[in-house]
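Residues 12 to 315 in the working numbering are what the sequence shown lists, from first letter to last. The C-beta atom is built at its ideal place from N, Cα and C for all residues, glycine as well. All values derive from a computational prediction rather than experimental measurement.
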Amino acid sequence: MDTPYVFNIQKFSVHDGDGIRTSIFFKGCPLSCIWCHNPESQRYQKELMLFHDRCTACGACVKRCPTGANAITDGKLVMDREKCTACGVCTDWCLQNAREIAGKEYTIQELVKEADKDRMFYEDSGGGITLSGGEVMCQNMDYIEKLCRVLYNKGYSVNIDTCGYAPYENFKRILPYVDTFLYDIKALDPEVHKHFIGVDNELILENLKKLSADGATINIRIPTIEGVNATEEFMNGVIDFLQTNQISVKQVNLLPYHNTGMHKYRKLDRPYEEDILKVPDKARMELFKDIFMKHGFSNTKIGG
Ligand code: SF4
Ligand code: SF4
12 MDTPYVFNIQ KFSVHDGDGI RTSIFFKGCP LSCIWCHNPE SQRYQKELML
62 FHDRCTACGA CVKRCPTGAN AITDGKLVMD REKCTACGVC TDWCLQNARE
112 IAGKEYTIQE LVKEADKDRM FYEDSGGGIT LSGGEVMCQN MDYIEKLCRV
162 LYNKGYSVNI DTCGYAPYEN FKRILPYVDT FLYDIKALDP EVHKHFIGVD
212 NELILENLKK LSADGATINI RIPTIEGVNA TEEFMNGVID FLQTNQISVK
262 QVNLLPYHNT GMHKYRKLDR PYEEDILKVP DKARMELFKD IFMKHGFSNT
312 KIGG
């Protein structure tokens, strides 16, 4: 069984479903949202993250790298990412801690052990474990199904944070063990979806209908971004879709875009579309919340 890579385990998370939760983030996603605040989550492979501002160009990584991916040119470190295999050797030799590997394998037992550490907090707060990403539904589903089953059998609430872009069969497999699906809707127009996210949205919307019909508990999450979808027209469109298809919704979460992930693009030497993306102001977010409330979605929140 291939073990998926985890790039973060977030303790005491209060934005990924009810109560205090442990959120486990799996690496790899079929989407490529241009605003993604975790760009290290997008590729399935391990990657080197380089903190350029910490680098003193000492050259230790140049000497130790087995593939010759690093060089000092004109007193500066230059990296050839094509040559980097993310072996991690250089991270042991960089005294400035300027190098980190994103992506680590955990056995199911190791993840369950991490979750066990905070059992007391779940019990007191009505929380549990949230599997997120990247995209958890596009990982090795033998592994994910087993992880969900083990957590469920221990009495934990398991939430799945998903973009919805995966074969429905994958959802079916874990349905019996899942408390709540945190399900993203980012764009309704297929062309807009393709433009900003890289893929068509038909599968996402179809899976949402099927999940609802199969009795899943669903929180709808809407990353709200000026320049992409922060319009009354879009919010009304989502409401129309949910009502027309009788999607059973426990909660709507309007998630205002923030650009705090911008620095991570630099660490991966990738460009970031900062000119297109704008943070919606508070009044706009309140307006969108009111629109949902007026249409009967009384459990609508700004934030997770
Ligand atoms: S070892 Fe660290 S500080 Fe030295 S050149 Fe490499 S990244 Fe920079
Ligand atoms: S992770 Fe490995 S291959 Fe990549 S730069 Fe460091 S030592 Fe070289």
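Cα-Cα separation, residue i to residue j
| i | j | result |
| --- | --- | --- |
| D280 | G166 | 42 Å |
| H269 | E125 | 29 Å |
| A241 | E121 | 40 Å |
| D13 | R160 | 18 Å |
| K183 | Q150 | 14 Å |
| Y194 | A82 | 44 Å |
| K22 | D286 | 33 Å |
Three-state secondary structure assigned by DSSP to residue i
| i | result |
| --- | --- |
| D172 | strand |
| Q262 | strand |
| Y55 | coil |
| L42 | coil |
| S223 | helix |
| F308 | coil |
| F62 | coil |
| I208 | helix |
| K74 | helix |
| P282 | coil |
| C105 | coil |
| C149 | helix |
Per DSSP, cross-strand counterpart(s) of residue i
| i | result |
| --- | --- |
| Y194 | T173 and I231 |
| N81 | M90 |
| T141 | S34 and N170 |
| A294 | Per DSSP, none; premise fails for A294. |
| A113 | E58 |
| P267 | T235 |
| K289 | E237 |
| I313 | L265 |
Near ligand 3: residue i beta-carbon under 8 Å from a heavy atom
| i | result |
| --- | --- |
| N247 | Judged by which ligands are present, ligand 3 is missing from the structure shown, whose ligands are ligand 1 and ligand 2. |
Below-9 Å beta-carbon distance, residue i vs any chain D residue
| i | result |
| --- | --- |
| L59 | Going by chain labels, chain D is absent from the structure shown, which holds only one protein chain. |
N-terminal and C-terminal residue of the alpha helix (DSSP H) that residue i is part of
| i | result |
| --- | --- |
| Q254 | E243 to T255 |
| R277 | M273 to K278 |
| L122 | I119 to D127 |
| L158 | M152 to N164 |
| N181 | Y179 to I185 |
| A27 | In the sequence as displayed, the identity of residue 27 is Asp instead of Ala. Where D27 is concerned, there is no enclosing alpha helix (DSSP H), given that its DSSP letter is neither H nor E. |
| Y133 | R130 to S136 |
Element boundaries [beta strand (DSSP E), containing residue i]
| i | result |
| --- | --- |
| V17 | Y16 to S24 |
Segment contact flag, the region 109-119 with the region 130-146, C-beta cutoff 8 Å, min 3 pairs: no
Segment contact flag, the region 104-111 with the region 129-136, C-beta cutoff 8 Å, min 3 pairs: no
contact_flag[the region 209-217, the region 168-182] where n(CB pairs < 8 Å) is 3 or more: yes
The region 39-54 / the region 63-76 touching (three or more Cβ pairs under 8 Å): no
Cβ pair count under 8 Å reaching 3, the region 257-267 against the region 293-310: yes
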